[in-house]
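Worksheet for the structure shown next.
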Amino acid sequence: MYSTSQLFGKRVTGGLKRFLGLYNGLKSRGIDVDLFCTDSPEVLTENGVSGCSLINKEKSGSLFIPTEFKILINNIKTIKKIKKTKYDSIIVFDVPTASGLCFAGLKNIQLFIRQDLIGYKKITLSGRTNSKAIIRSYLWFMKLCETICFIRSERIVIQCKYDYDALIKRHRFIRNIIKKKSIIQLNNVIPSGIVDKSIDNKVSICGFNEKNKGNKLVIGFIGDFSNERKGHRIFVDAIKNLLNKGLELEAILVGDGEQLPTYKEECHNYPTIKFTGRLDNPLGVVKRCYLMVVPSLADSCPNTVMEALYNEIPVIGARSGGIPEILESEDSLFEPNSLSLQNKIEHLFNRDNLYDLRKKQYIRKSELEFDWPSIMIKHLQIR
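If you count the sequence shown from 1, position 86 lands on 85 in numbering that gives the first Met the number 0, and the numbers rise without skipping.
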């Protein structure tokens, strides 16, 4: 298994947790796995990892040179060592990381697509530069990397049909290759990262008891403030409009990033809009909320939705990316704009409606309680 990220650091995303969960799942089933990542040799030894630490020199700060390519250049000897190893499969998450392995000629690559690369990058770049020429050039390069990876990979594991359809539409000339190699597998709600950090004593029916009827509706948001992809603009505007209308609610926003100070200043006259910054365990906030909101403009399979479902906290999400495939029910979805979200929250301000939503999502939770590593082993035909 190969990753250009730190898997045992503090800033571990949902995708990296999933990667590490798969590693642990394979190891627990007696499968011989070597792990290559950018954690230090000491950290790997401390965690009992069989593998090698990749050299990750200080970033240059350039937005347009992917970090994954810099790491490839710094680890040519290690890549050659992997190439000479008699391995059966090499598992890698996402195209930027896989590109280096494909360029180096490694075979039997099991490529996991964890994001709509072009969709994500388009939003990120739009927030960093106004040059359409630069954006088009970068996205063209990413599309080329996708093409090479899809041709070179043995299998392509995609986490939602939305991403699959986006790839087919984007790569018309190799669509048959993508169709032949692709496996679509939705995530589950019980990876170790969620289970280990969830609070055992769940709040009774999410606060729907007599003594809490007069409480403010507590609404949560978890997301990065580095760009607009997570939809915090949609969320903040909707909450401010509802507060201006006199609704009694409290909003808790978890996450950090370059735009956070701007949003905090903007909301300084709204004392019930609270920003926590980054938290090591945001599930503590999830447990405090009566409702979680995921207003992402682009998101394949957001961990926040899974965390809320697992902890039986009602959650609503934007009708974008793979979110509708997870939540399914129309009661759980809104259009990715502040007015639609505002109307949805107003509807759920009626506790009976919120209670009905929770009951429906309890059924959906049960459908997503499966062992993801075991299914991956079957898909990849690993023995």
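We put the beta carbon where it would ideally sit given N, CA and C, even for glycine.
Residue i versus residue j - alpha carbon distance
{"i": "Asn208", "j": "Asn352", "result": "Note on Asn208: pLDDT 39, under 50, position unreliable in the model; the coordinate value appears next. Going from the Cα of Asn208 to the Cα of Asn352 covers about 14 Å."}
{"i": "Val156", "j": "Gln5", "result": "22 Å"}
{"i": "Val32", "j": "Asn23", "result": "9 Å"}
{"i": "Val48", "j": "Phe35", "result": "9 Å"}
{"i": "Glu334", "j": "Ile81", "result": "46 Å"}
{"i": "Ser29", "j": "Phe92", "result": "Note that residue 29 is Gly in the sequence shown here, rather than Ser. Approximately 22 Å, taken between the alpha carbons."}
{"i": "Asp298", "j": "Gly50", "result": "31 Å"}
{"i": "Ser88", "j": "Ser39", "result": "24 Å"}
{"i": "Pro270", "j": "Leu242", "result": "10 Å"}
{"i": "Val217", "j": "Ile183", "result": "35 Å"}
{"i": "Lys9", "j": "Val284", "result": "18 Å"}
{"i": "Asn268", "j": "Lys244", "result": "15 Å"}
{"i": "Ile167", "j": "Gln258", "result": "34 Å"}
{"i": "Pro65", "j": "Ile272", "result": "35 Å"}
{"i": "Thr77", "j": "Leu110", "result": "20 Å"}
{"i": "Ile381", "j": "Ile173", "result": "26 Å"}
Any C-beta of chain D under 8 Å from that of residue i
{"i": "Phe234", "result": "Looking for chain D here will not work: only one protein chain is present."}
Near the ligand PLP: residue i beta-carbon under 7 Å from a heavy atom
{"i": "Ile374", "result": "Judged by which ligands are present, the structure shown has none, so any question about the ligand PLP falls away."}
Option in the options with minimal Cα separation from residue i
{"i": "Leu105", "options": "Glu67, Ile133 and Tyr1", "result": "Tyr1"}
{"i": "Phe7", "options": "Leu43, Leu21 and Asp279", "result": "Leu43"}
{"i": "Ala317", "options": "Ile167, His231 and Arg277", "result": "His231"}
{"i": "Tyr119", "options": "Ala165, Glu249, Pro260 and Ile344", "result": "Ala165"}
{"i": "Ile177", "options": "Asn46, Cys148, Ile381 and Asn187", "result": "Cys148"}
Exposed unless 16 or more other CB atoms sit within 10 angstroms - verdict on residue i
{"i": "Thr128", "result": "exposed"}
{"i": "Pro372", "result": "buried"}
{"i": "Asp162", "result": "buried"}
{"i": "Leu340", "result": "buried"}
{"i": "Ser319", "result": "buried"}
Nonlocal neighbours in the same chain, by C-beta distance under 6 Å from residue i, ignoring five residues either side
{"i": "Gln114", "result": "Ser299"}
{"i": "Thr96", "result": "Thr3 and Glu67"}
Assigned secondary structure, residue i (DSSP; H/G/I helix, E/B strand, else coil)
{"i": "Glu366", "result": "helix"}
{"i": "Ile204", "result": "With a pLDDT of 37 at Ile204, under the threshold of 50, the predicted position of this residue should be treated as unreliable, though the coordinate-derived value follows. Residue state, collapsed to three classes: helix."}
{"i": "Leu25", "result": "helix"}
{"i": "Ala250", "result": "strand"}
{"i": "Leu379", "result": "helix"}
{"i": "Lys56", "result": "coil"}
{"i": "Val188", "result": "coil"}
Neighbourhood of residue i by C-beta distance below 8 Å, restricted to the same chain and skipping five residues each side
{"i": "Glu265", "result": "Val235"}
{"i": "Asn107", "result": "Tyr86, Asp87, Ser88, Ile89 and Glu153"}
Nonlocal neighbours in the same chain, by C-beta distance under 7 Å from residue i, ignoring five residues either side
{"i": "Glu227", "result": "Ile122, Gly126 and Leu296"}
{"i": "Met375", "result": "Leu21"}
{"i": "Leu308", "result": "Val188, Val314, Gln360, Arg363, Lys364 and Leu367"}
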